[in-house]
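J.:
Residue numbers (full-length UniProt numbering): 1 to 65.
#1: With residue 14 and residue 44 assumed to form a contact (beta carbons below 8 Å), what rounded beta-carbon distance in angstroms separates them?
#2: Specify, as a first and last residue, the run of the alpha helix (DSSP H) that residue 57 falls within.
#3: Is residue 2 helix, strand or coil when you go by DSSP?
#4: Ignore the nearest five residues each way along the sequence and tell me which others in residue 41's own chain have a CB closer than 7 Å to its CB.
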């Protein structure tokens, strides 16, 4: 399975949001899209947290120079 980038996850979330705004989708489709959207956002947030930790580590290591 190919890992999506942060930007791809955001783009997918936007697409899902646009689909959710369609008044013609069924309740079941809405629930599935909502669940998928939350997963994309959760994974994107995890990537942000990992980037923050990496930046803090880099800054900590550079402050010792």
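Cβ atoms here follow ideal geometry from the backbone N, Cα and C, with glycine treated the same way.
T.: Straight from the coordinates:
#1: The Cβ separation is near 11 Å, so there is no contact.
#2: 27-63
#3: coil
#4: 13
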